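Q:
There are 2 protein chains.
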Amino acid sequence: MRHDLNLTIDRPTFVTHLECSLTGERYEADRLHGLSAAGKPLLVRYDLDGVKAALTKDALAARPMDLWRWRELLPVRHTKNIVSLGEQATPLIPLPRTAARIGGSGTLLAKDEGRLPTASFKARGLVMAVSMAKELGVTQVAMPTNGNAGAALAAYAAVAGMEAIIFCPADTPEVNVREIAAQGARVYRVNGLIDDCGAIVGEGAKQRGWFDFSTLKEPYRIEGKKTMGLELAEQLGWELPDAIFYPTGGGTGLIGMWKAFDELEKIGFIGSKRPKMFAVQAEGCAPMVRAFEAGEEFAPRWENAHTIASGIRVPRAVGDFLILRAVRESGGAALAVSDEAIAAAVRDVARDDGLLMCPEGGATLAAYQRALDEGLIARDARVVLFNCASGLKYPLEDQSRTLDRHAPIDFAAL
Amino acid sequence: MRHDLNLTIDRPTFVTHLECSLTGERYEADRLHGLSAAGKPLLVRYDLDGVKAALTKDALAARPMDLWRWRELLPVRHTKNIVSLGEQATPLIPLPRTAARIGGSGTLLAKDEGRLPTASFKARGLVMAVSMAKELGVTQVAMPTNGNAGAALAAYAAVAGMEAIIFCPADTPEVNVREIAAQGARVYRVNGLIDDCGAIVGEGAKQRGWFDFSTLKEPYRIEGKKTMGLELAEQLGWELPDAIFYPTGGGTGLIGMWKAFDELEKIGFIGSKRPKMFAVQAEGCAPMVRAFEAGEEFAPRWENAHTIASGIRVPRAVGDFLILRAVRESGGAALAVSDEAIAAAVRDVARDDGLLMCPEGGATLAAYQRALDEGLIARDARVVLFNCASGLKYPLEDQSRTLDRHAPIDFAAL
Numbered sequence: 001m002r003h004d005l006n007l008t009i010d011r012p013t014f015v016t017h018l019e020c021s022l023t024g025e026r027y028e029a030d031r032l033h034g035l036s037a038a039g040k041p042l043l044v045r046y047d048l049d050g051v052k053a054a055l056t057k058d059a060l061a062a063r064p065m066d067l068w069r070w071r072e073l074l075p076v077r078h079t080k081n082i083v084s085l086g087e088q089a090t091p092l093i094p095l096p097r098t099a100a101r102i103g104g105s106g107t108l109l110a111k112d113e114g115r116l117p118t119a120s121f122k123a124r125g126l127v128m129a130v131s132m133a134k135e136l137g138v139t140q141v142a143m144p145t146n147g148n149a150g151a152a153l154a155a156y157a158a159v160a161g162m163e164a165i166i167f168c169p170a171d172t173p174e175v176n177v178r179e180i181a182a183q184g185a186r187v188y189r190v191n192g193l194i195d196d197c198g199a200i201v202g203e204g205a206k207q208r209g210w211f212d213f214s215t216l217k218e219p220y221r222i223e224g225k226k227t228m229g230l231e232l233a234e235q236l237g238w239e240l241p242d243a244i245f246y247p248t249g250g251g252t253g254l255i256g257m258w259k260a261f262d263e264l265e266k267i268g269f270i271g272s273k274r275p276k277m278f279a280v281q282a283e284g285c286a287p288m289v290r291a292f293e294a295g296e297e298f299a300p301r302w303e304n305a306h307t308i309a310s311g312i313r314v315p316r317a318v319g320d321f322l323i324l325r326a327v328r329e330s331g332g333a334a335l336a337v338s339d340e341a342i343a344a345a346v347r348d349v350a351r352d353d354g355l356l357m358c359p360e361g362g363a364t365l366a367a368y369q370r371a372l373d374e375g376l377i378a379r380d381a382r383v384v385l386f387n388c389a390s391g392l393k394y395p396l397e398d399q400s401r402t403l404d405r406h407a408p409i410d411f412a413a414l
Numbered sequence: 001m002r003h004d005l006n007l008t009i010d011r012p013t014f015v016t017h018l019e020c021s022l023t024g025e026r027y028e029a030d031r032l033h034g035l036s037a038a039g040k041p042l043l044v045r046y047d048l049d050g051v052k053a054a055l056t057k058d059a060l061a062a063r064p065m066d067l068w069r070w071r072e073l074l075p076v077r078h079t080k081n082i083v084s085l086g087e088q089a090t091p092l093i094p095l096p097r098t099a100a101r102i103g104g105s106g107t108l109l110a111k112d113e114g115r116l117p118t119a120s121f122k123a124r125g126l127v128m129a130v131s132m133a134k135e136l137g138v139t140q141v142a143m144p145t146n147g148n149a150g151a152a153l154a155a156y157a158a159v160a161g162m163e164a165i166i167f168c169p170a171d172t173p174e175v176n177v178r179e180i181a182a183q184g185a186r187v188y189r190v191n192g193l194i195d196d197c198g199a200i201v202g203e204g205a206k207q208r209g210w211f212d213f214s215t216l217k218e219p220y221r222i223e224g225k226k227t228m229g230l231e232l233a234e235q236l237g238w239e240l241p242d243a244i245f246y247p248t249g250g251g252t253g254l255i256g257m258w259k260a261f262d263e264l265e266k267i268g269f270i271g272s273k274r275p276k277m278f279a280v281q282a283e284g285c286a287p288m289v290r291a292f293e294a295g296e297e298f299a300p301r302w303e304n305a306h307t308i309a310s311g312i313r314v315p316r317a318v319g320d321f322l323i324l325r326a327v328r329e330s331g332g333a334a335l336a337v338s339d340e341a342i343a344a345a346v347r348d349v350a351r352d353d354g355l356l357m358c359p360e361g362g363a364t365l366a367a368y369q370r371a372l373d374e375g376l377i378a379r380d381a382r383v384v385l386f387n388c389a390s391g392l393k394y395p396l397e398d399q400s401r402t403l404d405r406h407a408p409i410d411f412a413a414l
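Chains as they are written, first to last, in UniProt numbering: chain A, 1 to 414; chain B, 1 to 414.
Structure below.
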């Protein structure tokens, strides 16, 4: 079918209002919003009965397989505001040798989010947030980032013709810092962590009127991220997997998927079965794990955060209670894994099944292994790991050898 | 629809035989082949009347949007031999600001092949070649590469459980050399160019029985690459663009697309209209351009080849006459562009339209600009550029600034 069908036909949207995720307080749609009065994320609500009447699985199947096929469950009202760079559905890659090696006997799939624009799952959230910002007249945005979100924002801001100012920790992966600037944004390296960068953005928003694109501080990134859940359900024939392992920094994707499953049930596309949701963190930065184990509703800042998986080096998350709620309701857990286990997972799965994961993706595999070892899930469970970015964005070891073509070559020894 | 439909249903294939691309000499299918007796590439031939009777556009539209939906026009007979890593259709990205800036008034689209497994178009050819090698019992393969082909081979060989030995020029982009090894292949840096590496592979094939995976030296990479043409036709509603700009090293993709268009016409999916095919090379390595301009059928080796676009640093191509034939039949041209123009194109399109191209992709934009300036195509022509790999695989400039969060920040100056 024509590639641009989802982007050339205006279709109705079904947004009714927004509401505070903590108090339920109601906010009007089609206005610019940050956090709620209670300082918590806003969630977008839809007329799901209307969606149920308007959308069938067959109608969906006849649309191009990109994020915009979910139009009835998305907030953008006018197609002309969509700043697309081709957000195609990401593939589910089977990892049979990896599963066998660590003792899983069910299907093990990696959802390879590195195949999105700017090579990470951040594209899903940012294409939605930038499209909505464009729809609502924003011209200048700012964001703290560990790298991938900033890259996605820069690219979509370029498409939108919007000014983007981005702050990242000084030790953010080099390729991220460079791609942000290449895509036309101004990027600053800050001596601190992502929440320190967030404080600068907050101050700039006050002083200069920047629109604050921090995770969950505007309501639409979560709507983009929830398409991971919508897409996964359809790809698996409308039967959700038994468990999802999700690398959790700000947690937008986990919260978004949980919301997506609820919406899919309400429009009659799936039943009440849910996957166990596993929020995966690094041992050096595990605020959700600590709060989960302590039975707390909120997660205080994790001091001295450190891990090689920079995408999940998030000491404090404004959506903490939403993450913890989803994990608990699902019967899942928050799990921390070591940097050594992360590195080993990345190495092993590339060698065994040909998929080069990012460190955060590797963390999900390490957590799956822990969950198996500790009996948190059945060995034959059907499991989906989220590889949230391309492994090419991260340093790889040099394992090459050199060969002099002018010298005699011992082919038996190669 | 379920994500794995194309990979779980065995469907008939229609291969009848192979033939020498120069002499037309016939070779049996289902046997291991290298070059023909005349030392030229073999082409796979199908019972296209049979395909025409078996395949409709509607049937096609009901299949998942990956490379394997073209099954009737592909050589793999048994689904179990397919070594997939999720070869999804790549998006067509509009470049409206770029078009306006350089004076094009028609639609300008980039086909973003960086979204395939291992982040380059090489995945298309290698998934087919490795699947066929598996089907035909090969267990050990070797290849010369400028980087991306080796990365794709390594990944698919890992899936197939096949041994892969890979040789690349010493100055191959660092990330390529490292990803090849990470995906389980043995990789050697050689003091020479890709054809020097090819000579080593040829010798190893003789001495050790390695199966030679050099460009066009086995018949199936071209069948994978031709899916670029099949996919493009479908994405544009079965109407081909006016011009295609293709970065040309070994030229498999250009030859493959030309073959695809012919097959599509024979099964009644498109008419006789063809795009002008532009083979794009770098000024420092332009054997096809030289032969095209001299009216030659074959292209001698280009000495002292050099360009920042390493993927098209191919001094000599075994499919030279096929490339030149397609370019001439189409009314297109072979064009060379400077490294400066390539770098400028990459920089401009990222800033203007948010797409980070690889240098070879940048070369196609620079060539499009030349074709406009020289009146080789109409200003309102509908044009497709092939961005053959993710721009993230190549060095980017550091344009970041640093910011001390402990010092007072002048927000107006940021």
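We put the beta carbon where it would ideally sit given N, CA and C, even for glycine. Since we're looking at a predicted model, the values are computed, not measured.
#1: Applying a beta-carbon distance threshold of less than 7 Å, which residues of chain A neighbour residue 155 of chain B?
#2: List the endpoints of the continuous beta strand (DSSP E) containing residue 97 of chain A.
#3: So residue 337 of chain A contacts chain B; which residues on that side make the cut at Cβ distance below 7 Å?
#4: Step through the CB atoms of chain A and report whether any lies within less than 8 Å of the CB of residue 397 of chain B.
#5: Using only the heavy atoms of the ligand ATP, determine whether one of them is closer than 7 Å to the beta carbon of residue 215 of chain A.
#6: Restricting to runs no shorter than 4 residues, where is the alpha helix (DSSP H) found entirely within the segment 242 to 310 of chain B?
#7: Run through chain B and tell me which residues come within less than 9 Å of residue 235 of chain A, C-beta to C-beta.
#8: Taking the alpha-carbon positions, what's the residue 318 of chain A to residue 300 of chain A distance?
#9: Return the residues of the segment 101 to 133 of chain A that lie within a Cβ-Cβ distance of less than 7 Å from chain B, sorted by chain order.
#10: By Cβ distance below 6 Å, which residues in the same chain neighbour residue 108 of chain B in space, the five residues on each side in sequence not counted?
#11: Do residue 164 of chain A and residue 141 of chain A have their CB atoms nearer than 8 Å?
#12: Tell me whether residue 369 of chain A sits in a helix, a strand or coil according to DSSP, three-state version.
#13: Under 9 Å Cβ-Cβ, which residues of chain A neighbour residue 439 of chain B?
#14: Mind checking whether residue 394 of chain A and residue 354 of chain B have CB atoms under 8 Å apart?
#15: Just tell me which of A/221, A/372, A/188 has its CA closest to the CA of residue 74 of chain A.
#16: Check residue 93 of chain B in the structure and name its three-state DSSP category.
#17: Runs of 3 residues minimum, wholly inside the segment 36 to 93 of chain A: which ones carry the beta strand (DSSP E) assignment?
#18: If you draw a straight line from the C-alpha of residue 167 of chain A to the C-alpha of residue 179 of chain B, how long is it?
#19: On the CB-based measure, 16 or more other CB atoms within 10 Å of its CB, does residue 386 of chain B come out buried or exposed?
#20: With a Cβ-Cβ cutoff of 8 Å, do residue 400 of chain A and residue 189 of chain B count as a contact?
#21: Locate the beta strand (DSSP E) running through residue 111 of chain A, then write down its first and last residues.
#22: Who are residue 7 of chain A's beta bridge partners in DSSP?
#23: Shortest alpha-carbon distance to residue 345 of chain A belongs to which of A/213, A/303, A/330, A/369?
#24: Taking 8 Å as the CB-CB limit, is residue 402 of chain B close to chain A?
#25: Could you give the DSSP three-state label for residue 388 of chain B: helix, strand or coil?
#26: Tell me whether residue 227 of chain A sits in a helix, a strand or coil according to DSSP, three-state version.
#27: Select from B/128, B/91, B/329, B/336 the residue whose C-alpha is nearest the C-alpha of residue 1 of chain A.
#28: Would you call the segment 301 to 316 of chain B and the segment 77 to 88 of chain B touching, i.e. three or more CB-CB distances under 8 Å?
#29: I need the DSSP call for residue 364 of chain B, collapsed to helix, strand or coil.
#30: Check whether the segment 46 to 56 of chain A touches the segment 192 to 201 of chain A, taking contact to mean three or more Cβ pairs, one atom from each stretch, closer than 8 Å.
#31: Leaving out the 5 sequence neighbours to the left and right, which residues in its chain are closer than 8 Å to residue 25 of chain A when beta-carbon positions are compared?
#32: Where does the unbroken alpha helix (DSSP H) through residue 166 of chain B begin, and where does it stop?
#33: Among B/8, B/405, B/316, B/68, whose alpha-carbon lies nearest the alpha-carbon of residue 193 of chain B?
#34: Counting Cβ pairs, one atom from each stretch, are 3 or more of them under 8 Å apart for the segment 100 to 120 of chain B and the segment 225 to 245 of chain B?
#35: I'd like to know whether the C-beta of residue 387 of chain B is nearer than 8 Å to at least one C-beta of chain A.
#36: Using the C-alpha atoms, what's the distance from residue 118 of chain A back to residue 227 of chain B?
A: So, to answer that:
#1: 354
#2: That residue, residue 97 of chain A, is in no beta strand (DSSP E); its alpha helix (DSSP H) goes 96 to 102.
#3: Result: empty, since nearest Cβ-Cβ is about 20 Å, beyond 7 Å.
#4: yes
#5: The ligand ATP is absent from the structure shown, which contains no ligands of any kind.
#6: 252 to 266, 287 to 294
#7: 1, 2, 3, 4, 64
#8: 10 Å
#9: 112, 115, 119
#10: 95, 99, 383
#11: yes
#12: helix
#13: Lying before the first or after the last residue shown, residue 439 of chain B is absent from chain B, which here runs from 1 to 414.
#14: no
#15: A/221
#16: strand
#17: 42 to 46
#18: 29 Å
#19: buried
#20: yes
#21: 108 to 112
#22: BP columns for residue 7 of chain A are empty, so no partner.
#23: A/369
#24: yes
#25: coil
#26: helix
#27: B/91
#28: no
#29: helix
#30: no
#31: 19, 36, 37, 38
#32: Where residue 166 of chain B is concerned, there is no enclosing alpha helix (DSSP H), although the beta strand (DSSP E) it sits in stretches over 163 to 169.
#33: B/316
#34: yes
#35: no
#36: 24 Å
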